[in-house]
Every structure is written in structure tokens, then in C-alpha cells.
Amino acid sequence: MILPLHQLVRERIARTVREVYALADADLPPIVVQSPPERALGDLAVPLAFELARRLRKAPRAIAQEVAAALGAIPGVARVVAAPNGYLNFYLDRPAFLRARLAGELPRGPAPAEKAVVEHTAINPNKAAHIGHLRNAALGDTLGRLLRFRGQPVEIQNYIDDTGVQVADVVVGFRELEHKDFEAVRRVADSTRFDYYCWDLYSTVTEWYESDKERLKIRTATLHDIERGGNENARIGAFIADRIVRCHLATMGRLGIDYDLLTWEGDILRLKFWDHAFDALKAKGAVFRQEQGRLAGCWVMTIEDESAEAEGPDAGEPDAEDAAESREKVIVRSDGTVTYVGKDIANQFWKFGLLGWDFHYRVFDRRDGGHPVWATTSDASAAETGGAPTFGRAGVVYNVIDTRQSYLQKLLKQALGAMGYQREAERSIHYAYEMVALSHATARALGYDAAAEAGRPFVEVSGRKGLGVKADDLLDRLIDAAHGEVVKRNPDLPAEETRRIAETIATAAARYFLIKFSRGKVIAFDIDEALSFEGETGPYLQYAVVRANNIFRKLREREGVEVAAFVAALGETPADSLESADGDELWDLVLEASRLDEMAEQALRTLELSVLAKYAFGLAQKFNGFYHKYPILNEDRPDVRRWRAAAVAYVRDQLTRTLDLMGCRVPSRM
RNA sequence: GCGCCCGUAGCUCAGCUGGAUAGAGCGUCGGCCUCCGGAGCCGAAGGCCACAGGUUCGAAUCCUGUCGGGCGCGCCA
Numbered sequence: 001m002i003l004p005l006h007q008l009v010r011e012r013i014a015r016t017v018r019e020v021y022a023l024a025d026a027d028l029p030p031i032v033v034q035s036p037p038e039r040a041l042g043d044l045a046v047p048l049a050f051e052l053a054r055r056l057r058k059a060p061r062a063i064a065q066e067v068a069a070a071l072g073a074i075p076g077v078a079r080v081v082a083a084p085n086g087y088l089n090f091y092l093d094r095p096a097f098l099r100a101r102l103a104g105e106l107p108r109g110p111a112p113a114e115k116a117v118v119e120h121t122a123i124n125p126n127k128a129a130h131i132g133h134l135r136n137a138a139l140g141d142t143l144g145r146l147l148r149f150r151g152q153p154v155e156i157q158n159y160i161d162d163t164g165v166q167v168a169d170v171v172v173g174f175r176e177l178e179h180k181d182f183e184a185v186r187r188v189a190d191s192t193r194f195d196y197y198c199w200d201l202y203s204t205v206t207e208w209y210e211s212d213k214e215r216l217k218i219r220t221a222t223l224h225d226i227e228r229g230g231n232e233n234a235r236i237g238a239f240i241a242d243r244i245v246r247c248h249l250a251t252m253g254r255l256g257i258d259y260d261l262l263t264w265e266g267d268i269l270r271l272k273f274w275d276h277a278f279d280a281l282k283a284k285g286a287v288f289r290q291e292q293g294r295l296a297g298c299w300v301m302t303i304e305d306e307s308a309e310a311e312g313p314d315a316g317e318p319d320a321e322d323a324a325e326s327r328e329k330v331i332v333r334s335d336g337t338v339t340y341v342g343k344d345i346a347n348q349f350w351k352f353g354l355l356g357w358d359f360h361y362r363v364f365d366r367r368d369g370g371h372p373v374w375a376t377t378s379d380a381s382a383a384e385t386g387g388a389p390t391f392g393r394a395g396v397v398y399n400v401i402d403t404r405q406s407y408l409q410k411l412l413k414q415a416l417g418a419m420g421y422q423r424e425a426e427r428s429i430h431y432a433y434e435m436v437a438l439s440h441a442t443a444r445a446l447g448y449d450a451a452a453e454a455g456r457p458f459v460e461v462s463g464r465k466g467l468g469v470k471a472d473d474l475l476d477r478l479i480d481a482a483h484g485e486v487v488k489r490n491p492d493l494p495a496e497e498t499r500r501i502a503e504t505i506a507t508a509a510a511r512y513f514l515i516k517f518s519r520g521k522v523i524a525f526d527i528d529e530a531l532s533f534e535g536e537t538g539p540y541l542q543y544a545v546v547r548a549n550n551i552f553r554k555l556r557e558r559e560g561v562e563v564a565a566f567v568a569a570l571g572e573t574p575a576d577s578l579e580s581a582d583g584d585e586l587w588d589l590v591l592e593a594s595r596l597d598e599m600a601e602q603a604l605r606t607l608e609l610s611v612l613a614k615y616a617f618g619l620a621q622k623f624n625g626f627y628h629k630y631p632i633l634n635e636d637r638p639d640v641r642r643w644r645a646a647a648v649a650y651v652r653d654q655l656t657r658t659l660d661l662m663g664c665r666v667p668s669r670m
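My numbering puts the first residue of the first sequence at 1, with every later residue one more than the last.
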């Protein structure tokens with residue numbers, strides 16, 4: 001890892017600059033450590049002299065030279081050069097650097113101790129997951145892994161909207177269209193792919209509503225039944241939600257995505273979390289009852305509007321009252337029922353431990369027979385008797401949810417702020433990303449006539465219409481494609497291993513594809529593109545690691561030598577080959593491999609996980625180029641051979657770690 | 001109407017806290033298997049970084065405006 005070295009360089013430069021120019025800390029601009037565009041220019045670059053030029057009234061070049069001369073020795077740094085244009089360039093001690101990385105990583109900087117709650121997935125439990133949900137889960141899961149990598153405690157939550165209209169719609173489908181009671185629904189669930197069955201039923205119900213709007217009254221009545229509980233519709237709804245959630249967990253499990261806690265909306269209702277949050281909001285005046293106008297009788301929250309505030313108060317305008325009213329968001333309807341926003345506010349309060357109330361907890365499932373997936377429950381008698389871990393009470397909350405919900409997520413922050421929880425409002429982070437749509441070609445392949453949308457750049461996925469690529473279908477197709485390739489290349493492998501490898505490859509293909517785009521970009525999903533295993537894809541990355549592993553496997557088989565032996569021997573291995581120009585490419589590879597921590601921090605700072613994907617791909621590219629050019633097994637010079645093997649071992653380890661952060665494993669062969 | 005996001009090679013996209021010569025994949029064209037496995041490697045062609053101003057020693061990157069495109073803005077969730 002490279003960050004500790006960055007820190008050291010920053011500290012030494014700061015100290016030197018303070019001494020040489022008699023500057024106070026406050027006058028010192030932030031010291032940026034960069035990576036030079038070419039390795040020949042150095043290993044680390046600092047453009048500080050440009051920043052200081054104006055204040056010191058000196059040419060950047062002169063400043064760089066003075067700082068370089070006064071810097072003195074820095075452990076791990078071989079030499080410092082002031083570039084003619086003013087950059088301060090650092091060349092590292094190559095052999096020492098590689099030896100240190102292989103001997104075990106240096107201690108990292110202090111990690112944030114506060115717990116991070118990451119909520120992701122949150123699919124309505126009424127149909128199969130599709131690729132849009134997969135983007136959410138892949139981003140959320142990778143975010144969680146990055147936070148853990150940094151050393152921060154992480155809790156992954158999945159919100160289950162088991163009492164919403166979408167579940168109600170499927171209940172309506174079973175009852176009104178298929179005339180099924182609870183037992184009949186159970187029989188369907190036991191004998192079909194239930195999430196697929198409901199996928200179709202859901203779109204059928206949607207059409208059924210559209211042909212006669214009067215039927216929407218049945219939906220409303222069913223929704224009320226579900227919210228009230230204690231009736232057949234509520235039983236069916238709860239059953240559907242439970243079974244579909246299990247389908248979702250299985251689907252996500254195929255991608256290595258896991259959860260600590262499932263938060264059920266029904267429990268929030270039954271435990272009256274909203275009532276507690278409502279009392280608190282009323283007490284603070286964060287919500288108030290609107291007595292007049294079109295929102296009379298509603299409890300509303302005033303929405304902050306930056307542009308309006310900037311204009312200043314001019315209440316004299318004739319339409320000022322209307323404008324003010326339009327900036328009020330209804331939290332409790334005039335009939336006394338709470339809106340979705342209200343439930344979300346209560347949940348957000350709970351996540352920070354601000355509600356003063358807690359759920360009971362039960363074990364919902366065990367992954368791979370071990371790790372429990374916990375779920376909330378409102379039934380104390382159903383709670384796990386052995387006690388549950390502490391959930392919630394987060395220091396920071398990441399809600400992974402697509403950008404269309406930005407408005408609502410902003411309200412959550414505001415509610416916290418209005419309650420005086422400024423810190424929590426700041427640490428209430430909406431991880432926003434753009435939706436997944438379908439390319440025209442893929443929409444056509446699904447049999448969808450997109451003629452009406454021919455002029456648009458993509459075709460929007462619609463759960464209601466049943467238009468979309470189901471997650472499991474995509475994974476199945478990826479596995480089939482990967483299976484074909486594995487068989488072609490490894491015809492003699494046992495069927496079971498072939499299958500396992502194909503699954504590992506398919507997972508990487510899917511996950512890399514979902515991570516590689518920056519979050520602000522709409523993915524126009526194209527099935528052919530996603531099924532590709534060449535170029536910038538997950539399998540390309542795996543292939544690089546498999547190649548590296550093969551080298552060490554051969555070394556073991558042919559010569560009985562382990563990697564550890566090479567590492568142990570580095571101490572007395574001459575390093576001329578590494579320090580000379582002949583070692584430039586090897587060194588470039590090692591240095592790039594060490595930047596994982598830097599990239600992980602950048603990804604977290606910007607919430608741009610594509611940074612991690614691009615880094616992994618670039619490193620794999622570098623390795624493949626090196627692999628092609630420099631032999632290891634067939635290298636005769638023992639010192640050169642050792643350094644190469646050591647470098648490849650380090651790169652292999654770092655690339656494996658990077659893949660793991662993206663939820664990808666490395667197959668035994670490819 | 002207001003708010004947020006996007007506009008970079010034929011296509012899909014990177015481009016870090018403003019920094020050194022704007023990159024990658026796909027596609028096209030041309031090479032490379034006696035070798036650690038070709039899911040690979042090497043090379044070529046391909047750019048008004050949407051447009052116009054501004055800030056700066058320095059702008060694809062920051063600011064303002066314009067033009068395209070997408071998404072939000074409900075007593076739905």
C-alpha cells in the first residue's frame with residue numbers, strides 16, 4: 001500500500017517548507033501527491049511549487065530546487081528531483097519498497113471508528129429482481145466492502161417494503177384474477193419459480209387496472225387490509241413478501257452479496273415507530289398542521305429551497321402564499337394516514353439510534369449454513385432468545401438508491417436537521433446513481449416493440465409492464481456462455497469444477513459490468529455487451545490472476561519451490577536488475593499494484609466505485625503486458641528471476657484483493 | 001416553470017483535489033502461438049473534449065450563459 005508513504009512525504013515537505021520560508025501552517029496550501037504521467041519522471045509528484053510561487057514571488061522552478069535541496073533523506077525515498085517546470089519528483093527505493101510490501105503491509109492510518117450503515121437492494125418483494133436492482137446491490141455491496149477494507153465497522157441493511165402497493169397488487173392478482181386463497185397461493189409458491197410467477201402476475205394486474213380504473217378501489221382496499229393485519233389478504237401479502245425476499249436473497253447470493261439485517265416496513269408500522277418520530281417532529285415544530293388552502297388538515301414539512309432563499313424575503317408578492325404552499329410536503333394526510341416519507345423518516349431516525357425505540361430481532365436465514373441474516377420483528381415472542389447483535393446506532397448512513405429519489409432523500413436530511421441533529425443530517429448520505437435502461441437492440445430481443453420510443457436513447461425498464469432483464473436470467477446466460485468457453489479450453493476438467501468455474505466467471509462478468517460505469521451515467525444495458533468476456537471485463541481481470549497463479553503452480557510442480565522461498569531470498573539478492581533501466585517496467589508494475597489503498601480512498605471520497613474497476617483493469621493490463629514480455633520460469637539469471645517472481649506475487653495478491661472488493665473471486669483455471 | 005444529472009474517437013465509456021504529450025474497451029485494418037495457456041500481446045487509423053464567454057501561471061476539469069438529451073418536482077410508493 002502506498003498511502004503511508006504519501007503521508008510521510010507530505011509531512012516532510014510541510015516541515016521543510018515551513019522552515020525554509022518561515023511560513024505558518026495556515027499559509028501552507030494542501031500538499032497534493034500525484035502520480036506522474038510517465039514513470040521516467042518519477043514515482044510520486046508534488047506540484048506544490050506552483051501554489052507557493054505567487055505568495056513567495058518566486059519562480060516555481062527555483063522553489064522546487066530549494067525545497068528539494070533542503071528536504072534531507074526520507075526513508076524509502078531514493079532521490080528527489082526538482083523538474084525544470086517546477087514539479088517536485090520523488091524516486092523511491094525500489095528493492096526496499098518491494099521487500100517491505102511482501103514482508104507484510106505497513107500499518108494503515110487510523111480508520112473511522114464510527115459504524116457505517118449501508119442500506120441497499122430494497123426491492124419491492126412482489127416480483128423477481130432485474131438488472132436495475134442488480135446495479136443497486138452491486139454498488140451497495142462494493143461500497144460496504146470498501147468501508148470494511150478501510151477498517152470501518154459496517155452494517156448492511158436491506159429495507160423490505162412488505163406493506164406497500166406493489167405487494168398489494170400481487171395479492172389482488174391472486175385473489176381477483178386467479179381466485180386463490182392462502183393455501184392455493186402457497187401451493188403455487190411451492191411448485192413454481194415464485195418470483196417469476198409474480199413478475200408475470202404483477203404486469204397482468206397492472207393491465208387489468210388500466211382497462212377499468214374502478215378496479216383501483218380494490219387495490220386501495222387490499223392495501224388497507226395489509227396495513228391493518230389480521231385478515232386473509234394480510235396473510236397472503238406477508239407470505240408473498242417472505243417468499244419473494246428469499247428469492248431475492250438467493251439471487252444476490254449468487255453474486256456474493258449478503259446482508260446483516262432485513263428491516264421490514266410492517267414492523268415499523270406495528271411498533272408505531274412513526275408515532276414516536278411524529279411526536280418528536282411536532283415537539284420541535286419540524287412539522288405543523290396546515291389549516292387552510294388545498295393542504296388543509298395535513299401535517300406538512302416545509303421544504304428548503306435554496307433558490308428561493310437566495311432571492312431573499314419578499315412576502316409582498318401577490319403569489320407568495322401559493323409559492324410557499326407549493327414548498328410544503330405532506331407527511332400525514334388529512335385522513336390521518338402517514339405517507340411513505342413519514343415511514344422513511346422514522347427509519348432514518350432509528351438507523352442513527354435517535355428514535356428511542358428498537359425492533360425485536362429474529363434470524364431470517366443462514367448463509368452457507370453459518371452467517372445469520374437477521375430480520376426485524378414486532379413480535380417479542382418470535383425474537384431470538386439468545387439475543388441479537390446491536391443494530392442501527394450508526395455514525396454514518398449510506399442509502400443506496402437511484403437518483404430519482406433524490407428529492408425524498410433530501411427531505412430525510414432536512415428532517416434530521418430540523419430536529420437539531422445537524423451531525424446526523426450531514427452524515428445522512430444519499431448514494432445516488434442513475435438507472436439501468438435497455439438498449440434498443442436488447443429491448444427488441446426481449447420482444448418489446450419500442451417503435452414509439454425509437455427516437456429516445458434507450459428503453460426504460462418497467463417492473464409494472466414486466467419489461468426488463470431478470471437478474472437470474474442474466475446470470476444463467478452468463479454461466480452458459482462461460483461454461484462453453486471453459487469446456488472449450490479445459491475439456492478434461494470434471495463437470496463439477498467446470499460448473500464452479502463458469503459460475504465464478506459469470507459473477508465477475510456481471511459485477512464488473514455493473515461497477516465500471518460512473519454512477520451518474522444511465523446504463524443502456526446491452527445483452528451482447530454484458531455477455532462479452534474480452535477487453536474491459538471481469539473475466540479479463542480473473543485471467544490475469546489465473547496466469548500469475550499458473551506460474552507459481554508450475555514452479556511448485558516442476559521445482560518444488562514456493563513463493564515464500566523467493567520472498568525470503570530477496571534479502572540477499574542483488575537488486576541491480578531492478579534499479580537499472582532494465583527494471584523500469586517491473587517497477588512500474590509493482591508501484592501500480594501498491595496503489596490499491598489510494599484508489600479505495602478515492603472511490604470512497606468521491607463515491608465513484610468505477611475508480612476501483614478502472615484501477616483493477618489498468619493493473620491487469622500492465623500485468624498482461626509484462627507477462628508477455630518477461631519470462632519467469634524460463635529466465636536463467638537467478639537474481640532477475642527472483643525479482644520478477646516476487647513482483648508478480650505481489651501484483652497477484654493486490655489484484656486478488658481488488659477483485660475481492662468488487663465481490664469477484666479467482667477461478668482455479670480458465 | 002424550477003431542481004438534479006449527462007454531453008470527450010464510428011459506438012460504449014475513463015480522465016483524480018485544476019497540472020506534464022486527452023486515454024481505454026468494442027468495432028475496422030495489419031502483425032504475434034516450438035515458449036509461464038491467444039478470455040492474451042504488439043501496431044495503425046480515428047478528437048472543434050456540445051457551443052460561447054470568464055477565472056487561473058495552467059481548464060476536458062472551476063464559474064456564467066446557450067443548445068441538445070435524461071430524470072425528478074403528488075394527500076403515489
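Yeah, the Cβ is synthetic: ideal placement off N, Cα and C, and Gly gets one too.
This one's a predicted model, so the numbers in the text were calculated from it and none came from an experiment.
Give a yes or no on whether the C-beta atoms belonging to residue i and residue j are separated by under 8 Å.
| i | j | result |
| --- | --- | --- |
| Asp402 | Glu434 | yes |
| Gly164 | Asn124 | yes |
| Leu223 | Thr204 | no |
| Ala418 | Thr251 | no |
| Ser378 | Arg219 | no |
| Met607 | Arg519 | The residue you asked about is not Met; residue 607 is Leu in the sequence shown. Yes. Within cutoff. |
| Asp344 | Leu412 | yes |
| Leu586 | Arg642 | no |
| Leu596 | Leu143 | no |
| Ile421 | Leu354 | Checking the displayed sequence, the identity of residue 421 turns out to be Tyr instead of Ile. Yes, the pair counts as a contact, with Cβ atoms nearer than the cut-off. |
| Ala394 | Ala116 | yes |
| Ala238 | Phe349 | no |
| Phe617 | Leu531 | no |
Where DSSP assigns a beta bridge to residue i, which residues make up the other side?
| i | result |
| --- | --- |
| Ala374 | Ala is not the amino acid found at residue 374; the sequence shown has Trp there. The partner list for Trp374 (beta bridge, DSSP) reads Leu261 and Val363. |
| Lys614 | Its beta-bridge partners do not exist; DSSP assigns none. |
| His6 | Answer is none; His6 lacks a bridge partner. |
| Val17 | None, per the DSSP bridge assignment. |
| Ser462 | Leu467 |
Around the C-beta of residue i, are 16 or more other C-beta atoms found within 10 angstroms, so that it is buried, or is it exposed?
| i | result |
| --- | --- |
| Asn85 | exposed |
| Trp357 | exposed |
| Gln654 | buried |
| Arg243 | buried |
| His683 | Here the chain covers residues 1 to 670 and nothing more, so residue 683 does not appear. |
| Asp675 | In the structure displayed, the chain extends from 1 to 670; residue 675 sits before or after that span and is not available. |
| Ser594 | buried |
| His133 | buried |
| Val545 | buried |
| Gln7 | exposed |
Give the range of the beta strand (DSSP E) segment to which residue i is assigned.
| i | result |
| --- | --- |
| Thr504 | Thr504 -> not in any beta strand (DSSP E); alpha helix (DSSP H) instead, spanning Ala495 to Ile515. |
| Ile345 | Here Ile345 belongs to no beta strand (DSSP E); instead the alpha helix (DSSP H) covers Tyr340 to Lys351. |
| Val332 | Glu328 to Val332 |
| Trp299 | Trp299 to Thr302 |
| Glu119 | Ala116 to Glu119 |
Span of the alpha helix (DSSP H) holding residue i?
| i | result |
| --- | --- |
| Thr204 | Phe194 to Ser211 |
| Val666 | Here Val666 belongs to no alpha helix (DSSP H), and DSSP marks it neither H nor E. |
| Gln654 | Pro638 to Leu661 |
| Asn158 | Run containing Asn158: none in the alpha helix (DSSP H); it sits in the beta strand (DSSP E), Val154 to Ile160. |
| Ile131 | Ile131 to Phe149 |
| Leu295 | Here Leu295 belongs to no alpha helix (DSSP H), and DSSP marks it neither H nor E. |
| Trp587 | Asp584 to Ala593 |
| Ser577 | Asp576 to Glu579 |
| Ile479 | Ala471 to Arg489 |
Shorter than 7 Å, the distance from the beta carbon of residue i to the closest heavy atom of the ligand MN, or not?
| i | result |
| --- | --- |
| Asn490 | No copy of the ligand MN occurs in the structure displayed, which carries no ligand at all. |
| Going along the chain, which unbroken runs of the beta strand (DSSP E) with 3 or more residues stay wholly within the segment 74-103? | 77-82 and 88-92
| message | To test your reading of the DSSP string, which unbroken beta strand (DSSP E) runs of 3 or more residues are found completely within the segment 23-63? | response | 44-46
| field | Complete alpha helix (DSSP H) runs within the segment 394-440 (minimum length 4 residues, chain order) | value | 406-418 and 422-426
| field | Contained beta strand (DSSP E) runs [length at least 3] in the segment 207-293, N- to C-terminal order | value | 261-264
| 4-residue-minimum alpha helix (DSSP H) runs that sit fully inside the segment 518-543, ordered along the chain | 527-530
| field | Every unbroken alpha helix (DSSP H) within the segment 541-573, with a cutoff of 4 residues, ordered by chain | value | 563-569
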